[in-house]
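Chemist: Chains B and R supply the protein sequences, listed in that same order. Residue 42 in the working numbering is what sits at position 42 of the first sequence, and the numbering runs on without skipping anything. Residue 1117 in the working numbering is what sits at position 117 of the second sequence, and the numbering runs on without skipping anything. Cβ atoms here follow ideal geometry from the backbone N, Cα and C, with glycine treated the same way. Here the structure is a predicted model, which means the values were calculated and not measured. The structure that follows is given in the form of structure tokens.
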Amino acid sequence: MSAVSHIPHETREVHVKEQIVIKHKGKELTFNLIDTPGIATKIDYEDFMKYKLSKKRSKQRAKEATKGVVEAIQWLDDMDVVIVVLDSTENPYSQVNITIIGNLVARKIPLLIAANKIDLRHAKIKKIESAFPQYDVVGISALKGANMEEFYESLFRIVR
Amino acid sequence: MALTLQFVPYDDIESLDTNSRIEKLLTIVKNKSVVLMEGRLKPEEETKLIKKTMQEITRTFKGIELCTIFPEEKNLDLFKKLKKNFASMILGDREGITIIGPASVVKEIRRDPNKIQLFTFDIKK
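Printed below as a string of structure tokens:
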């Protein structure tokens, strides 16, 4: 739903798509999809300048990014199911992951962990599975559309 | 210049409501000290801490690095699990340690199940 960029915080506002229908093996699921910005604990405009953005644009991006994180957190109150997308090439033991997943569990909101970027050679799904052994983890590549069958299977399982 | 670690005993925040807890911790971090807190915040309080941090970001305050160490339950036999559950009932959120550092001082807190590494920037006066 959102654009992809090598500059962090490309998604800085919540995107809503209503009435999405997934049909899979004779089953049908209709839902509204809320694509939120990634949640962060720090945002420094100077980091954006490393990607050759001007100071003015970097400051604007930082301002929008902080607002986006606040908005994403507020949306957590209204979710029926959350798909937490983690980068399978990164260390999963980040506190943001642990905090957000802990928060969803405390609110009894079902969650599915999508380990993205499995097409990359240094992807480590096993590390994500061992970091969060009590949850469903499904490896996908959003870029290549890989393993979507298993992803839908898991999605249908948790919304049951 | 030295890196300052400020210990916050759980007793200091126990009687405070969520907003006052967050305010207290953020005040220490904004003074460029690293909070070493006994125990942990509730998951919803941690989320509120992140939200409040984002709302307070300025040119000089760039956010926080946060890490909680909590006793692992893996590989415990039944007796040890029961003992641990009993201890958790008594200690509540007092178990574990929370580290919160200013992002301008703490570059990264790297956490693996059994160790924590704190990477800092060069601290300027």
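1. Buried or exposed for Gly145 (chain B), going by 16 or more other Cβ atoms inside 10 Å?
2. Have a look at R:Asn1031, R:Glu1056, R:Asp1122, R:Glu1045 and flag the residue whose alpha-carbon is nearest the alpha-carbon of Thr1127 (chain R).
3. Starting from the Cα of His15 (chain B), find the closest Cα among B:Pro37, B:Ser130, B:Lys124, B:Asp136 and give me that residue.
4. I'd like the span of the alpha helix (DSSP H) that includes Glu153 (chain B), first residue to last.
5. With contact counted as at least three CB pairs below 8 Å, one residue from each stretch, are the segment 142 to 160 of chain B and the segment 1014 to 1021 of chain R in contact?
6. Among the candidates R:Gln1006, R:Leu1016, R:Arg1110, whose CA atom is the shortest distance from the CA of Asn97 (chain B)?
7. Per the DSSP calculation, Leu1005 (chain R) is bridged to which residue(s)?
8. Is Ile118 (chain B) closer than 8 Å to Asn91 (chain B) when the C-beta atoms are compared?
9. Would you mind reading off the limits of the alpha helix (DSSP H) that contains Phe48 (chain B)?
10. Is the number of C-beta pairs between the segment 105 to 121 of chain B and the segment 78 to 89 of chain B that are closer than 8 Å three or more?
11. For Gly145 (chain B), name the three-state secondary structure that DSSP assigns.
12. Applying the 10 Å Cβ sphere with the 16-neighbour rule, what's the burial state of Gly1063 (chain R)?
13. Counting pairs of beta carbons, one from the segment 1033 to 1052 of chain R and one from the segment 62 to 73 of chain B, are three or more of them closer than 8 Å?
14. Under 8 Å Cβ-Cβ, which residues of chain R neighbour Ala106 (chain B)?
15. Please classify Leu143 (chain B): is it buried, with 16 or more other beta-carbons within 10 angstroms of its beta-carbon, or exposed?
16. With distances taken from CA atoms, which of R:Ile1057, R:Ser1015, R:Glu1038, R:Phe1070 is nearest Lys1030 (chain R)?
17. Roughly how many angstroms separate the alpha carbons of Asp47 (chain B) and Val137 (chain B), rounded to a whole number?
18. By DSSP, does Thr99 (chain B) sit in helix, in strand, or in coil?
19. In chain order, which continuous runs of the beta strand (DSSP E) of length 3 or greater are located wholly inside the segment 71 to 97 of chain B?
20. May I ask you to report which of helix, strand or coil DSSP gives Gly68 (chain B)?
21. Does the distance from the CB of Val1035 (chain R) to the CB of Gln1055 (chain R) come in under 8 Å?
22. Quick one: what's got a C-beta closer than 8 Å to Lys50 (chain B)'s C-beta in the same chain, skipping five residues either side?
23. Given that Asn97 (chain B) touches chain R, what residues does it touch there, using C-beta distances under 7 Å?
Modeler: For this structure:
1. As a working note, residue 145 (chain B) is residue 145 in the first sequence. Gly145 (chain B) is exposed by the Cβ-count criterion.
2. Look at the range of chain R in this structure, 1001 to 1125, and you will see that residue 1127 (chain R) is not part of it.
3. For the purposes of this step, residue 15 (chain B) is taken as residue 15 along the first sequence, with counting starting at 1. Comparing Cα-Cα distances from His15 (chain B) to each of B:Pro37, B:Ser130, B:Lys124, B:Asp136, the minimum goes to B:Pro37.
4. For the purposes of this step, residue 153 (chain B) is identified with residue 153 of the first sequence, where counting begins at 1. Taken as a continuous stretch (DSSP letters only), the alpha helix (DSSP H) holding Glu153 (chain B) covers 148 to 159.
5. no
6. Walking along the first sequence from the start, residue 97 (chain B) turns up at place 97. Residue R:Arg1110 is the option with its Cα nearest to Asn97 (chain B).
7. Numbered from 1 along the second sequence, position 5 holds the residue referred to as residue 1005 (chain R). Beta-bridge pairing links Leu1005 (chain R) to R:Val1034.
8. Position 91 of the first sequence, counted from the first residue, corresponds to residue 91 (chain B). Position 118 of the first sequence, counted from the first residue, corresponds to residue 118 (chain B). Result no, Cβ atoms of Asn91 (chain B) and Ile118 (chain B) do not sit closer than 8 Å.
9. On the first sequence, position 48 is the one that residue 48 (chain B) refers to. 45 to 49 is the span of the alpha helix (DSSP H), which, as asked, contains Phe48 (chain B).
10. yes
11. Start at 1 with the first residue of the first sequence, and residue 145 (chain B) comes out as number 145. DSSP places Gly145 (chain B) in coil when its eight states are reduced to three.
12. For this step, residue 1063 (chain R) is matched to residue 63 along the second sequence. Burial call: buried.
13. yes
14. As a position in the first sequence, residue 106 (chain B) is number 106, starting the count at 1. Near Ala106 (chain B) (Cβ distances below 8 Å), the residues of chain R are Lys1042, Pro1043, Glu1044.
15. As a working note, residue 143 (chain B) is residue 143 in the first sequence. It is exposed - the Cβ of Leu143 (chain B) has fewer than 16 other Cβ atoms within 10 Å.
16. Taking the second sequence and counting its residues from 1, the one referred to as residue 1030 (chain R) is at position 30. Nearest of R:Ile1057, R:Ser1015, R:Glu1038, R:Phe1070 to Lys1030 (chain R), Cα basis: R:Ile1057.
17. For this step, residue 47 (chain B) is matched to residue 47 along the first sequence. For this step, residue 137 (chain B) is matched to residue 137 along the first sequence. Using only the alpha carbons, I get a separation of about 31 Å.
18. Position 99 of the first sequence, counting from 1, holds the residue named residue 99 (chain B). If DSSP states are grouped into helix, strand and coil, Thr99 (chain B) belongs with the helices.
19. 82 to 87
20. By 1-based counting over the first sequence, the position of residue 68 (chain B) is 68. DSSP places Gly68 (chain B) in helix when its eight states are reduced to three.
21. Mapped onto the second sequence, residue 1035 (chain R) falls at position 35. Mapped onto the second sequence, residue 1055 (chain R) falls at position 55. Not a contact, by the Cβ cut-off of 8 Å.
22. Residue numbering aside, residue 50 (chain B) sits at position 50 when the first sequence is read from its first letter. Around Lys50 (chain B): no qualifying Cβ.
23. Here residue 97 (chain B) refers to the residue found at position 97 of the first sequence. Correct list: empty, because the minimum Cβ distance to chain R is about 10 Å.
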